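Working notes, beginning with the structure itself.
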Amino acid sequence: DSRMAGANGSAAAEAAARRVGAPTNPMATALLTDQYQFSMAYAYWKASKHADRAVFDLYFRKNPFGGEFTVFAGLEECIKFIANFKFTEDDILFLQSVMPMCEDAFFDYLRKTDCSDVEVYSIPEGSVVFPKVPLMRVEGPVAVVQLLETPFVNLINYASLVTTNAARHRHVAGKSKVLLEFGLRRAQGPDGAISASKYCFMGGFDATSNVLAGNLFGIPLRGTHSHAYVSSYMSLDEIPDKSLKSKDGSRVCKDFVSLVKEWLQKIQLADSLCGVFGETNQSELAAFASYALAFPTNFLALVDTYDVMRSGIPNFCAVALALHDLGYKASGIRLDSGDLAYLSIEARKVFRTLEKEFNVPAFGKMIITASNDLNEETIDALNKQGHEVDSFGIGTYLVTCYSQAALGCVFKLVEINSRPRIKLSEDVAKVSIPCKKRCFRLYGKEGYPLVDIMMRESEPSPKAGERILCRHPFLESKRAYVVPQHVEELLQCYWPGTSNKPRVELPSLEEIRGRCMQQLEKLRPDHIRRLNPTPYKVSVSAKLYEFIHSLWLNEAPVGELQ
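Following the numbering used here, the numbering of the sequence shown begins with -3 at its first residue and continues without gaps.
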């Protein structure tokens, strides 16, 4: 009977694999795990324990970046991983070569191994999460689930860290600013870069410079030109075809470059600018004009190659006004160096002055993009100084998670063959919370979450309007009664194995991003502020509290003083 269930499970797993698709990174295969997972799998198998039913929790112990919240990400890649989990014949041959002491029958067992009998319960991707609460609960044959530990932790650690980093940048920048992820060249290898683009979008960024990520995930792409493009031009004579058709196609300007030069002269002589602009760099003007000829509908210029205020801004304005004559609207400028607050304010003043002087509607609203080693602190400092930047291009600090290297997720056994297990430690923070648990988020009168509570699976669910005692898992005196206005169960079934439970479909990247933004808005502001944020409460039920402490005393050896 169990063989039939297994066969049906395998067929269902194959169908699910087709529906879910392959992992984004083809390196995420069954061999992507630590050696000791195979050593344990063999030892379990040798002791005929490999099929024991195990329950593991995946969680983290401390919020990153000195904050008090984390955004959970990486679930979709975990589900894709188990949907496609299988050892190829090449994998088996390699394992035999590095584990020659293992019996052949063990490798036959691995050949047949898949995740058809594994169950995965998870908090939805893009949710705001807190320490100690299981992000995922993985149930299945102990040897198989043990092989999943390393890849799962790998797929969730960086994903959650960089999504949280992106969400923090979004919070400090504010809702109205455009955030662009420019980290590809500084990311930790191709996987780091692709993951960063995906998860920064999830955490609230608007677009990426990474073309492959745009192709894989449908993330909007942004990017114009570099300093090299500007400095590659020597003079206006280098532009062979100077003609440009007007936007409505009704006429052709034979010499766009002459039109640009006329506008530069008008700017230099403009009364309202009081002659602040003198001679500008003509090779820069040539680069801008040629770029505008190539991209008349979205002309955005990098203005700091030579001198922002003396050359970049007047040259940009001359090209933008010439485009306006032909019915086009320039996009704006990018600042990549210097005092971004001061330069953005000065540039904005010029744009507004020219709008009035030449009666060009919306010229004053030109987009100003800033890039140049930006991070949470620099954006916060710009906000305090006052600035006119509309859009931030952020790279190195964002994708490398410069201020914290890793999240530190762990994967701990909490039950085997329906018997709860605990991991003890001298450090209370490292003691695991035993047994298969259900987790709930309790909301208060104002709609904010008040506390997350973990309970034993056999306990009745908390109900709205009913008082419940919430206890700190380890500190006896920390406890509070809560009357929730609304109760949300956190763990949902994303991979049912042979359990016949309904499976939650994986949402799209856009939907996950929407969830992340909505979840952050639901949080009380003091939990997400940058300075001294208030810790969010994570608790256990009275029954689970008693159980943890009785199991602790049961498992801890009693010392003897001599």
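Beta carbons: idealized from backbone N, C-alpha and C, even for Gly. Since the structure is predicted, the reported quantities are computational estimates derived from the model, not experimental observations.
Bridge partner(s) assigned by DSSP for residue i
| i | result |
| --- | --- |
| Glu484 | Arg437 |
| Glu115 | Glu135 |
| Lys408 | Asp53 |
| Trp491 | Val116 |
| Gly389 | Leu176, Ser367 |
| Arg475 | Arg467 |
| Ile329 | Ala297, Ile364 |
| Ala203 | Leu176 |
| Leu217 | Thr204 |
Closest by C-alpha distance to residue i, when choosing among the options
| i | options | result |
| --- | --- | --- |
| Asp559 | Leu175, Trp548, Lys42, Leu557 | Lying before the first or after the last residue shown, residue 559 is absent from the chain, which here runs from -3 to 558. |
| Pro137 | Glu453, Ile412, Tyr477 | Ile412 |
| Glu72 | Glu234, Cys466, Val16 | Val16 |
| His523 | Tyr302, His320, Pro445 | Pro445 |
| Phe52 | Lys82, Phe407, Glu342 | Phe407 |
| Asp565 | Ser254, Ala224, His221, His223 | The requested residue 565 does not occur in the structure, where the chain is confined to residues -3 to 558. |
| Leu296 | Met513, Ala288, Ile75 | Ala288 |
| Lys76 | Met97, Gln488, Met23, Tyr541 | Met23 |
| Asn355 | Glu517, His383, Ser268 | Ser268 |
| Glu121 | Trp548, Ser457, Gln515, Asn550 | Gln515 |
| Pro243 | Phe291, Ala266, Arg344 | The question names Pro, yet the displayed sequence has Lys at residue 243. For the residues Phe291, Ala266, Arg344, the minimum Cα distance to Lys243 belongs to Phe291. |
| Val447 | Phe102, Gly404, Lys241, Pro127 | Pro127 |
| Leu370 | Glu353, Gly389, Glu384 | Gly389 |
| Ser44 | Gln31, Glu85, Ala139 | Ala139 |
| Ile235 | Trp548, Glu280, Tyr302 | Glu280 |
| Ala18 | Asp48, Ile78, Ser414 | Ile78 |
| Met450 | Ser307, Gly188, Asn59, Arg133 | Arg133 |
| Arg348 | Glu373, Ile309, Asp251, Trp491 | Ile309 |
| Ile508 | Phe68, Ile375, Lys241 | Phe68 |
| Trp491 | Thr29, Glu135, Val174 | Glu135 |
Three-state class that DSSP yields for residue i in the structure shown
| i | result |
| --- | --- |
| Pro521 | helix |
| Met451 | strand |
| Cys397 | coil |
| Ser535 | strand |
| Leu403 | coil |
| Tyr619 | The displayed coordinates of the chain run from -3 to 558. Any statement about residue 619 would go beyond what the structure contains. |
| Leu446 | strand |
| Leu547 | helix |
| Ser(-2) | With a pLDDT of 46 at Ser(-2), under the threshold of 50, the modelled position of that residue is not reliable, and no figure is offered here. |
| Pro147 | helix |
| Pro19 | coil |
| Arg348 | helix |
| Arg564 | Residue 564 cannot be examined here, being either before or after the span of the chain that is shown, -3 to 558. |
| Arg499 | coil |
| Arg511 | helix |
| Arg306 | helix |
| Arg415 | strand |
| Gly334 | coil |
| Leu27 | coil |
| Ala11 | helix |
| Ile375 | helix |
| Glu384 | coil |
| Thr530 | coil |
| Leu322 | coil |
| Cys313 | helix |
| Ala163 | helix |
| Lys426 | helix |
| Gln558 | coil |
| Ser340 | helix |
- Which runs of the alpha helix (DSSP H), 4 residues or longer, sit entirely within the stretch 220 to 300? Whole alpha helix (DSSP H) segments, 4+ residues: 223 to 227, 252 to 265, 278 to 290.
Meets three-Cβ-pair contact criterion under 8 Å: the stretch 357 to 365 and the stretch 325 to 336 = yes
task: For the stretch 367 to 383 and the stretch 10 to 29, state whether three or more C-beta atom pairs, one from each stretch, are separated by less than 8 Å.
output: The stretch 367 to 383, when compared against the stretch 10 to 29, does not touch it at the 8 Å Cβ threshold.
| query | Are there three or more Cβ pairs, one per stretch, closer than 8 Å when the stretch 56 to 69 is compared with the stretch 107 to 116? | reply | With a cut-off of 8 Å, the stretch 107 to 116 and the stretch 56 to 69 do not count as touching, because too few Cβ pairs lie within range.
For the stretch 64 to 129, which segments carrying the alpha helix (DSSP H) assignment without a break, of at least 4 residues, lie completely within its bounds, in sequence order? 71 to 79, 85 to 94, 100 to 108
When you compare the stretch 346 to 362 with the stretch 139 to 154, are there three or more beta-carbon pairs, one atom per stretch, that lie closer than 8 Å?
no
Segment contact flag, the stretch 212 to 228 with the stretch 237 to 251, C-beta cutoff 8 Å, min 3 pairs: no
- Could you tell me whether the stretch 388 to 397 touches the stretch 156 to 168, where touching means 3 or more Cβ pairs closer than 8 Å? yes
Fill in: Inter-stretch contact at 8 Å, needing at least 3 Cβ pairs: the stretch 526 to 546 / the stretch 458 to 473
yes
Any chance the stretch 434 to 454 sits against the stretch 500 to 510, with 3 or more Cβ pairs inside 8 Å? Segments in contact, no.
Original post:
If you pair each beta-carbon of the stretch 425 to 433 with each one of the stretch 206 to 223, do three or more pairs fall below 8 Å?
Top reply: Judged by pairs of C-beta atoms under 8 Å, the stretch 425 to 433 does not touch the stretch 206 to 223, as fewer than three such pairs exist.
| query | At a cut of 8 Å, does the stretch 548 to 558 reach the stretch 475 to 491 through at least three beta carbon pairs? | reply | Touching, no, given that fewer than three Cβ pairs across the two stretches are closer than 8 Å.
Quick check: the stretch 306 to 322 against the stretch 251 to 271, are there 3 or more CB pairs under 8 Å?
Counting Cβ pairs under 8 Å, three or more are found: they touch.
| message | Under 8 Å, with one C-beta from each stretch per pair, do the stretch 90 to 110 and the stretch 25 to 40 reach the 3-pair mark? | response | yes
Closer than 8 Å is the cut-off here; do at least three beta carbon pairs connect the stretch 181 to 200 with the stretch 267 to 285? no
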